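Residue numbers (the working numbering): 79 to 231. Comments concern the structure below.
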Amino acid sequence: MKALTLLNRAIVFFSAVALVVAACVLTYSVVLRYFSPEPTDWQDEFSVFLLIGMTFLSAAWVHSQRGHIGIEALASVLSPKANRLRLFVVDLLSAAFCAFFAWKSWTLLHEAWSEGYVSATAWAPPLWIPYLAMSVGMTLLTVQILVQAFQRP
79 MKALTLLNRA
89 IVFFSAVALV
99 VAACVLTYSV
109 VLRYFSPEPT
119 DWQDEFSVFL
129 LIGMTFLSAA
139 WVHSQRGHIG
149 IEALASVLSP
159 KANRLRLFVV
169 DLLSAAFCAF
179 FAWKSWTLLH
189 EAWSEGYVSA
199 TAWAPPLWIP
209 YLAMSVGMTL
219 LTVQILVQAF
229 QRP
């Protein structure tokens, strides 16, 4: 799926930008704490929100590159046909887990949105923001896994 590939590449670019922004915000926070008695209450949580988004949204791209950790001990002892079957079964089980995670994330997002959940900090950002990243990221990961499972020769 060319559209999924393009979407994954765009997300990876924005995830890299988010990582740089998080690093800059945390550096600013450290410098401000060192030179000023002024409290910093938003920088850590802002960075965590960025890192949550980066982690979940880029998971589908990582999977498309087969970059997730896997145990390949069986791959060397199985025949190529048995190994393809093993990969297919693992992909289906992974997709089932990710689909469940995505579904629960979407229900959590809906609850946070409708109930107006906010973080328990002085800054109090809405919690639907990281839940949205989790929901979209796990949905994309599920789709990516299924695409790869059924594209194998």
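Beta carbons: idealized from backbone N, C-alpha and C, even for Gly. A quick note: this is a predicted structure, and the numbers were derived from the prediction, not measured.
> Would you call the segment 192 to 206 and the segment 173 to 181 touching, i.e. three or more CB-CB distances under 8 Å?
Replying inline: no
>> Within the continuous alpha helix (DSSP H) that includes M216, where are the two ends?
In response: 206 to 229
> Name the DSSP beta bridge partners of V109, please?
Replying inline: Note: V109 sits in no beta bridge, so no partner.
> Just how far apart, CA to CA, sit A190 and I207?
Replying inline: 9 Å
> Short check: CB of A94 to CB of S125, under 7 Å?
Replying inline: no
> On the three-state DSSP scale, how would you describe V155?
Replying inline: coil
>> Looking at the secondary structure, which residues open and close the alpha helix (DSSP H) in which S197 lies?
In response: Looking at the DSSP string, S197 is not in any alpha helix (DSSP H), and its letter there is neither H nor E.
> How big is the Cα-Cα spacing for G145 and P115?
Replying inline: 43 Å
>> Suppose you measure from the CA of N86 to the CA of E193; what does that come to, to the nearest Å?
In response: 31 Å
> Do the CB positions of Q222 and S142 come within less than 7 Å of each other?
Replying inline: yes
> Taking C-alpha atoms, which residue in S213, A173, F134 lies nearest to W232?
Replying inline: Residue 232 cannot be examined here, being either before or after the span of the chain that is shown, 79 to 231.
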